[in-house]
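Reading through the structure tokens given below for one structure.
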Amino acid sequence: MKQATAGRILSFLFLFLVPLTSAYAGAEKGPAIGETLPFYSLLPFAGMLLSIALFPLVLPKLWHHHFGKVTLFWVLITVIPLLIFYKMAGLSEILHIMLADYLPFIILLGSLYTVSGGILLRGTLSGTPAFNTMILLVGTILASWMGTTGAAMLLIRPFLRANARRKNRSFMVVFFIFMVANIGGLLTPLGDPPLFLGFLRGVPFFWTFSLLKQLLVAVVVLLPVYYVLDTYFYKKEGIADLPDEGINEPVRIEGYSNFIFLAGIVGAVLLSGTVKWGEISMLGVHRGVQDIVRDGFLILMGVLSLTLTKRKIREDNAFTWFPIKEVAILFFGIFLSMIPCLAILQAGARGELSWVITAVREPVHYFWVTGILSAFLDNAPTYLTFLNTATGGFYTGVPGPEAIALLIKENPVYLAAISTGAVFFGALTYIGNAPNFMVRSIAEELGTPMPSFFGYMFKYSLIILMPIFVLITFIFFL
Amino acid sequence: MKIDKILFPTKFDEFSYRSLETLLVLSKAVLKEILLFYVIPRDDVGFVPYGGYLKGEEERLREEARIRFEDWQRSLAEHGVNSRIIIEVGDPVPKILSIAEQEAVDLIVVNKKTRAAFDIPFLGSRTFKIITRSKIPVLVNRYIVEFEREGKIVTRINGEIFKKPLLASDCSELSDKALDLLLFLDGLIEKAYVCNVINSKLSKCHDRSALDTIENDSKRKLAEYCDRLKSAGIDAEQHMGAGEIAAEIIRLSRQVGASMIVMSTTGKNRLTELFEGSPSHKVSEKSELPIILVP
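Order-wise, the sequence lines are chains A and B.
Count along the first sequence starting at 1, add 926, and that's the number in my numbering.
Count along the second sequence starting at 1, add 18, and that's the number in my numbering.
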């Protein structure tokens, strides 16, 4: 049975590899891979992202149990032709993206997830409009410092618990996704995965603070809208007139030591962006010593959190490794299948995607194209793709970090448009950002009916977020 | 110590119901209620990558569990045993432990693997976590077991589990609690055995006279246990063993033909447990008999 399955998988792979390898074979090896890679080499990346977008909608159960195999498929049809036709250069690209991008990325997400999972907010919370608005504000502020995933996981259960007596809870969770799981992550590289990828590529830690204006515009519109909506439903439901249930547990936070580990993570990331301790070569990939020290320290923070946090706290938080395992597997596929796309974009006008570079010229284009694609594909690879488009367009042939430094110095509005688009538009759909589906999953598990994929868009995100994005466009990117 | 209320978590394995049936004799004592508990693992229905929650799948699993439990309930009712169904989504081990505490049950019954190859423990990781963490007595039940003995595969059915219990005592206060549990089972026991094992570590570091003192103290304690059992109308017999504790308890259980082992857990901390292991957990891993662990 297993042999038959393996046979089917191999035949399937072969069917995909034959046209791909012939396409690759037509390309000559050049000094830069991106200049010779064929357009077809983008197919696995598109396939990987479309799998993430479509499988959960069309075949959710199959996807839940087999997403690892789907990921492996797209990885193999990316990696095998690269290794066959570009040999050491292909291997070098693979090692580089794994060691310099994927590994630090997963270590950061894993440590933030572990540490935030050790903090528990207990007590009887009252779901009044003022309290809920405050939770959203606190979550938005925390998101930039403990990651959108960390802040969302910390607050979603207390938020739902506080509103257990409320009838209309769906809109609350939707606003929670908007603000805590997405928009709040704009201010630091810790906030949202795309910004950390930018940081790894050379965007300074504090540069993202310059996006505070965009964040404030979104928050200043969203919070009052939420408050008005919540007040309307609160009055309509007559919650204030209901008798007190009589259980009043004082509000308290448990797992305080994790705030120290969180500070450790912030400090380590900050330090790695401000010092230069030389470079070492790992399997031919040059990595800064400070980056390796940072990664080691982040792992240490995670291990200390796991060891020193009471097991009961994690259990009451319903902490599970499954979501972060999923993210690690999916991003393994995203990063590897993304190699041809990044290389072609880096080649600028000499690559197969020169038309993208020609078409996407103005900040407004970057904001909307990065944004729309981030909404339907994952925002992290989309951010990198358009960061490379911008640097490839302005500074063709200039190595990554230098090109980014030049972009920040000479054309910072482009990076602002890409960053804001990637982070904000992640809230437009359930699949725009990883915490969205975690929040949705927890809400549904705890009995809050959530809108469908299209319900979320047509009832909420398009109506509420689009006008804000248009406003941001007029203020900052035109 | 009493057994009024039992928590019976199950994954609906092949012999789960048979395992449940072995408990029905407890209705002759004062068993009041069995809680039939199924945990839908959160990871099976939640956190679909970029998809959310499989509500339909949860409802299907819930319905399936309910139908199976209701079928079991009919049989339980015929035996005069009350039962209640609880189905929840969550992480199985913490859920089982928290429901046990919340419902103030007297015994958690976990069902174990039916087969074990040579040197592979009978315990799964989930059961191991439950027995190491529970503050409530746990019965590790094994209705049918296949195991290797003297090079041959032996099949054993553990049907009348309460008939010939072996109380493996370390002469501590916790062993007294385990004895109380046996006393509660008086109408069900044909003959009880009590034993104590002199650890080989003690033999190595004590001289002859010190060992004699330890042995005499142990025998005296075992005799006390036997007297208490006999005065409750339970025939009892005492045995001494020496050597590696877990292996010796298993040897004694086979020697006397015990139907189950009752022993206290030592309450070692996680670090000590990691380096030294615990005899009760080792016995749970290696013995083919059902075991009640009293914390």
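In this text, a Cβ means the ideal position worked out from N, Cα and C, and glycines have one as well.
This structure is a prediction, so every number in the text was calculated from the model and none was measured.
Linking B:K130 to B:M258 through their CA atoms gives a straight-line distance of about 29 Å. Using a Cβ-Cβ cut-off of 8 Å, A:E1328 is close to nothing in chain B; its nearest Cβ partner there is about 35 Å away. Chain-order list of chain A residues neighbouring B:E75: K987, by C-beta distance under 8 Å. When only Cα atoms are considered, A:N1184 and B:S298 end up about 35 Å apart. Looking at the DSSP output, B:L125 bridges to B:I24. Between A:I1344 and the set A:V1177, A:I1010, A:T1308, A:F1125, the nearest pair of CA atoms involves A:T1308.
Close CB contacts of A:D1156 within its chain, under the 6 Å cut and outside five residues either way in sequence, are with P1055, N1058 (chain order).
Judged by beta-carbon spacing, A:G1318 lies beyond the 8 Å limit of A:G1347, meaning their Cβ atoms are not closer than that value. Rounded to the nearest whole angstrom, the C-alpha separation of A:G1043 and A:F1245 is 6 Å. Leaving aside the five residues that flank A:I1032 on each side, the residues in its chain whose CB is nearer than 7 Å to its CB run, in chain order, A1254, F1257.
Sequence-distant partners of A:L1279 (beyond 5 residues in either direction) whose C-beta falls short of 6 Å from its own C-beta, in its chain, are I1270, L1271. Between the region 1102 to 1114 of chain A and the region 1067 to 1084 of chain A there are three or more C-beta pairs closer than 8 Å, enough to call the two in contact.
Contact between the region 1349 to 1366 of chain A and the region 1391 to 1400 of chain A is present: 3 or more CB-CB pairs across the two stretches fall below 8 Å. A Cβ-Cβ separation of about 5 Å places B:Y68 in contact with A:F1363 under the 8 Å criterion. At least one CB of chain A lies nearer than 8 Å to the CB of B:L72. Spatial neighbours of A:V1219 in its own chain (CB-CB distance under 6 Å, excluding positions within 5 residues in sequence) are not present. Short of 6 Å from the beta carbon of A:L1047, and not among the five residues preceding or following it, lie these beta carbons of its own chain, in chain order: P1084, I1179. Checking the DSSP bridge columns, you'll see B:Y211 partnered with B:L184, B:E255. If you draw a 10 Å sphere on the C-beta of A:Y1182, you find fewer than 16 other C-beta atoms in it, and that means exposed. Not a single C-beta of chain B is nearer than 8 Å to the C-beta of A:F1135. Within chain A, the residues whose beta carbon sits less than 9 Å from that of B:P67 are I978, F981, P982, W989, H990, F993, P1249, E1252, V1253, I1255, L1256, A1360, F1363, listed in sequence order.
Closest in C-alpha terms to A:I1020, from the list A:V1106, A:M1208, A:I1401, A:F1384, comes A:M1208. Just so you know, the alpha carbons of A:V1001 and A:S967 end up roughly 12 Å apart. Chain-order list of chain B residues neighbouring A:A1244: R60, G108, D109, by C-beta distance under 8 Å. When the alpha-carbon of B:E255 is set against those of B:G261, B:I268, B:K237, B:R269, the nearest one is in B:K237. Closest option to B:V48, judged by alpha-carbon separation, among B:K23, B:E39, B:T40, B:K153: B:K23. Cβ neighbours of B:K153 within its own chain (closer than 6 Å, five residues either side excluded): P313. Assignment of beta-bridge partners to A:H1212 by DSSP yields A:S1207. In the three-state reduction of the DSSP assignment, B:V111 falls in the helix class. The way I'd put it, the region 1197 to 1204 of chain A does touch the region 1215 to 1229 of chain A; three or more beta-carbon pairs between them come closer than 8 Å. With the rule of 3 Cβ pairs closer than 8 Å, the region 146 to 164 of chain B counts as touching the region 29 to 38 of chain B. B:F30 is not a Cβ neighbour of B:R84, given a cutoff of 8 Å. With contacts defined as CB atoms closer than 8 Å, B:L229 and B:L220 qualify as a contacting pair. Rounded to whole angstroms, B:L115 and B:S305 show a C-alpha spacing of 24 Å. Against chain A, the beta carbon of B:P313 has no neighbour under 9 Å; the closest one sits roughly 16 Å away. Neighbours of A:E1288 across chain B, judged by C-beta separation under 9 Å, do not exist; the nearest C-beta is about 31 Å away.
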